[in-house]
Amino acid sequence: MPASKSSLATLTLGALGVVYGDIGTSVLYAVKEIFGSGHVPFTHANVYGVLSIIFWTLTIIVSLKYVVLVLRADNHGEGGLVAMLALASQSVKHKAPALRKWMLLIGIFGTCLFYGDGVITPAISVLSAVEGLEVVSPHFRKAVIPLTLVILFLLFWVQKRGTAGIGRFFGPITLVWFAAIAALGVSHIVGHPEILGALSPHHALGFIWRQPGTTFIILGAVVLCVTGGEALYADLGHFGKRPIRVAWFSIVMPALTLNYFGQGALLLAEPEAVANPFFHLAPAWLTLPLVGLATMATVIASQALITGAFSVTKQVIQLGYLPRLQVRHTSTRDTGQIYMPFVNWGLFVLIVLAVVLFRSSSNLAAAYGIAVTLDMLITTVLTFFVIRYGWGYPLALCLAATGFFFVIDLAFFSSNLLKLTEGGWFPLLIGGAIFTLMVTWKDGRALMSASLRDTSIELKDFLASVFLAPPARVPGTAVFLAAQPGLVPNALLHNLKHNKVLHEQNLFVSVRNHEVPWIGLARRLEVEPLGRDCWQLVVHYGFKNDPDLPKALALLAGRGVNLNPMTTSYFLSRDIVTPTLRSGLAPWREKLFAHMHHSATAAAEFLNLPSNAVVELGSKVEI
288 MPASKSSLAT LTLGALGVVY GDIGTSVLYA VKEIFGSGHV PFTHANVYGV
338 LSIIFWTLTI IVSLKYVVLV LRADNHGEGG LVAMLALASQ SVKHKAPALR
388 KWMLLIGIFG TCLFYGDGVI TPAISVLSAV EGLEVVSPHF RKAVIPLTLV
438 ILFLLFWVQK RGTAGIGRFF GPITLVWFAA IAALGVSHIV GHPEILGALS
488 PHHALGFIWR QPGTTFIILG AVVLCVTGGE ALYADLGHFG KRPIRVAWFS
538 IVMPALTLNY FGQGALLLAE PEAVANPFFH LAPAWLTLPL VGLATMATVI
588 ASQALITGAF SVTKQVIQLG YLPRLQVRHT STRDTGQIYM PFVNWGLFVL
638 IVLAVVLFRS SSNLAAAYGI AVTLDMLITT VLTFFVIRYG WGYPLALCLA
688 ATGFFFVIDL AFFSSNLLKL TEGGWFPLLI GGAIFTLMVT WKDGRALMSA
738 SLRDTSIELK DFLASVFLAP PARVPGTAVF LAAQPGLVPN ALLHNLKHNK
788 VLHEQNLFVS VRNHEVPWIG LARRLEVEPL GRDCWQLVVH YGFKNDPDLP
838 KALALLAGRG VNLNPMTTSY FLSRDIVTPT LRSGLAPWRE KLFAHMHHSA
888 TAAAEFLNLP SNAVVELGSK VEI
């Protein structure tokens, strides 16, 4: 059923604040870095050529690739690299299974690069806004970095309170921002209306033809104009395709184009404004209010990325690539409103390191680009597998559609490699470190599962032997968490050994996470009676579902299980991982996995178990 005009307007306004914050603030630094690099001679033709390249970069990468093509690749209404990875993985699972392992690794590496981008983007955005104070007065230069750090600290400190309260202001403030940058651009375009001629692609093609080497070099700065382009797809599940598309074509794209062309008109009239063309668009009396508005806009852009980091981390945990981390729900109405302390302060420390290490938005611009262009490249590759194997389109059409974008993404990525030693190593180092953690966790879990399988006993056979001479039965229900269905949980063995009793009802529960965003209540539980008031249960979750075991078990009502929360106890095995010298992971990776396993949030908290009804029994597992 199509959305009403009022709901479409509301969603479009919300998309402005959440989806387009990053790309909306790219006007602060993109033109400055292109001309400030010193690679582009300052001529009339070059200004036209650069503006044309910016406009057609926005058109091809954002409008055509993301808004038209990639937004169609929704995974049950959800978007983002994790959703795309799951969709591509499912598409090739049966048709090209050999590709699946490599595709998962590539996709997970792309997800790791998101964190590298998540460090650079808030740092460069807030720093570039505060640097506007230097235009007001050079005396403010010493205050730029301390003020930036204070703003960032306040932003991360407020996360624990949730974003529901301040989130309602994101859209209106961002709308004011886009109106302001459009007006600033128009104020200079009216004096030089001929600048609009740069909309013609022949200026971009002429620049590329005359200066191919320079074009290749400056692509590393041009990519700044699509900062946050991935957010278009990542926030698909929050707003839907139509509001995102309406916001882009009716507000964001026109406002960005007008501002960039206004900066071009300004540079033609006042070449000395190249030091900071955005803030020079405003008259002197308006500069300070503009710095304030820009700071608010960059904080909103950073907020969207932080909440995105929480969401992506939660999804990756449920896909089995990271250990459980503490998740706090900050809203009783919206389950998507979460706060993850470790992720929050980990990002903050890395962002502070980036600000202190690079010290200016220009230096940070050198660090930006490699991670995001590699992410764009990975998205294009995954899109090919989705449209070829998932949608069944002809091979030639798939190659043509994604090949076009692949060549462009590859050109941008190759250009950004030139910045590797200037700072590009920083987000790659972050992404590589997180990738090492994720792969180590995944491989370690596989070894741990194999070790448990080798030493485990079949549940049905064990129960049959236990009931030959049954122990005393005590009132209530025991819920035993098992890593794999069909095997005896260690907690049951320890309970029988030490307590020598069995409850009236016994549920053997395994939790399964799947490569789909959502699994509804109708498919939540899989129940198998084992006799003598014992049941084997498998609880299914998608990677965007919030695990809540008591709520899932409440679905047993009317299925032969009388579950009383007041007389239900949850028995968990607290496994202690012991690295060994036998074949498996490298020794350092085994130690890393053991440390990650030890530091993981308890399963009881992750599954939302009542703390006064949990019994943990330890066991040792060798890998």
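So for the sequence shown, the numbering used here puts the first residue at 288; every next one is plus one. For glycine and all other residues, C-beta sits at the position ideal for the given N, C-alpha and C. Owing to the predicted nature of the structure, the values given are computational and were not obtained by experimental measurement.
Residue i, buried or exposed, once every other Cβ within 10 Å from all chains shown has been counted against 16
| i | result |
| --- | --- |
| Thr344 | buried |
| Ala683 | exposed |
| Ile744 | exposed |
| Trp728 | buried |
| Asp404 | buried |
| Val659 | buried |
| Asn786 | exposed |
| Phe256 | This structure cannot speak to residue 256, because the chain is shown only from 288 to 910. |
| Lys237 | Only positions 288 to 910 of the chain appear in the structure, and residue 237 is not among them; the question remains open. |
| Ser294 | exposed |
| Trp464 | buried |
| Trp535 | buried |
| Leu414 | buried |
| Gly524 | buried |
| Val643 | exposed |
| Lys388 | exposed |
Nonlocal neighbours in the same chain, by C-beta distance under 6 Å from residue i, ignoring five residues either side
| i | result |
| --- | --- |
| Pro289 | Residue placement at Pro289 is flagged as unreliable, the pLDDT there being 46, under the threshold of 50; the coordinate-derived value follows with that caveat. Around Pro289: no qualifying Cβ. |
| Thr330 | none |
| Ala653 | Lys706, Glu709, Gly710 |
| Leu545 | Ala469, Gly472, Val473 |
| Leu298 | Phe526, Pro530 |
| Ala584 | Thr312, Trp464 |
| Pro758 | Lys787, Val788, Leu789 |
| His591 | The question names His, but residue 591 is Ala in the sequence shown. Answer for Ala591: Val305, Gly308, listed in chain order. |
| Asp522 | Val305, Val306 |
Closer than 8 Å to chain B by CB, residue i
| i | result |
| --- | --- |
| Ser856 | Going by chain labels, chain B is absent from the structure shown, which holds only one protein chain. |
Cut-off 8 Å between Cβ atoms - residues of its own chain near residue i, not counting five sequence neighbours on either side
| i | result |
| --- | --- |
| Leu808 | Leu842 |
| Ala891 | Tyr857, Leu859, Ser898, Val901, Glu903 |
| Ile407 | Ala641, Leu651, Ala654, Tyr655, Ala658, Phe713, Pro714 |
| Leu391 | Leu372, Ser376 |
| Glu791 | Arg760, Val761, Pro762, Gly763, Thr764, Asp820 |
| Arg448 | Thr617 |
| Ile347 | Phe692, Ile695 |
| Ile279 | In the structure displayed, the chain extends from 288 to 910; residue 279 sits before or after that span and is not available. |
Assumed close pair residue i, residue j - CB separation to whole angstroms, cut-off 8 Å
| i | j | result |
| --- | --- | --- |
| Gly515 | Gly718 | Contact flag wrong, Cβ pair sits at about 17 Å. |
| Leu896 | Pro852 | Actually they do not touch by this definition, with Cβ atoms about 11 Å apart. |
| Val864 | Met735 | 7 Å |
| Ala360 | Thr670 | 6 Å |
Per-residue DSSP class, three states only, for residue i
| i | result |
| --- | --- |
| Val614 | coil |
| Thr867 | coil |
| Ile744 | coil |
| Thr764 | strand |
| Thr855 | strand |
| Val848 | coil |
| Ser860 | strand |
| Asn895 | coil |
| Met288 | Confidence is the limiting factor: at Met288 the pLDDT is only 38, short of 50, which leaves the residue's position unreliable, though a coordinate-based value still follows. DSSP places Met288 in coil when its eight states are reduced to three. |
| Gly818 | strand |
| Arg448 | helix |
| Gln498 | coil |
| His827 | strand |
| Glu481 | helix |
| Gln590 | helix |
| Asn546 | helix |
| Ala900 | helix |
| Gln771 | coil |
Same chain, Cβ closer than 7 Å to residue i, five either side skipped, listed in chain order
| i | result |
| --- | --- |
| Gly458 | Leu300, Gly301, Leu303, Gly304 |
| Val327 | Ile321, Asn333, Val337, Thr501, Ile505 |
| Ala887 | Pro610, Arg611 |
| Ala576 | At residue 576 the sequence reads Pro, which differs from the Ala that was named. The answer is none, since no qualifying residue turns up. |
| Asn703 | Gly507, Val510, Gly656, Ile657, Thr660, Gly711 |
| Val775 | Ser743, Ile744, Leu746, Phe749 |
| Arg811 | Val826, His827, Ala839, Leu842 |
Residue i beta carbon near the ligand NAD (any heavy atom closer than 7 Å)
| i | result |
| --- | --- |
| Ala596 | Of ligands this structure carries none, so the ligand NAD is not represented either. |
- Touch check for the region 518-531 and the region 721-737: three-plus C-beta pairs under 8 Å? no
- Task: Assess, as a yes-or-no matter, whether the region 495-508 is touched by the region 557-570 under the definition of 3 or more beta carbon pairs within less than 8 Å.
- Result: no
- Message: With three or more C-beta pairs closer than 8 Å as the rule, is the region 477-485 touching the region 548-557?
- Response: yes
- Query: Are three or more beta carbon pairs between the region 354-373 and the region 592-607 nearer than 8 Å?
  - Reply: yes
- Message: Counting beta carbon pairs with one atom in the region 347-359 and one in the region 811-821, are three or more of them shorter than 8 Å?
- Response: no
- Task: Determine contact between the region 629-640 and the region 425-445, defined as no fewer than three beta-carbon pairs at a distance below 8 Å.
- Result: yes
- Would you check if there are 3 or more beta carbon pairs closer than 8 Å linking the region 409-421 to the region 737-754? no
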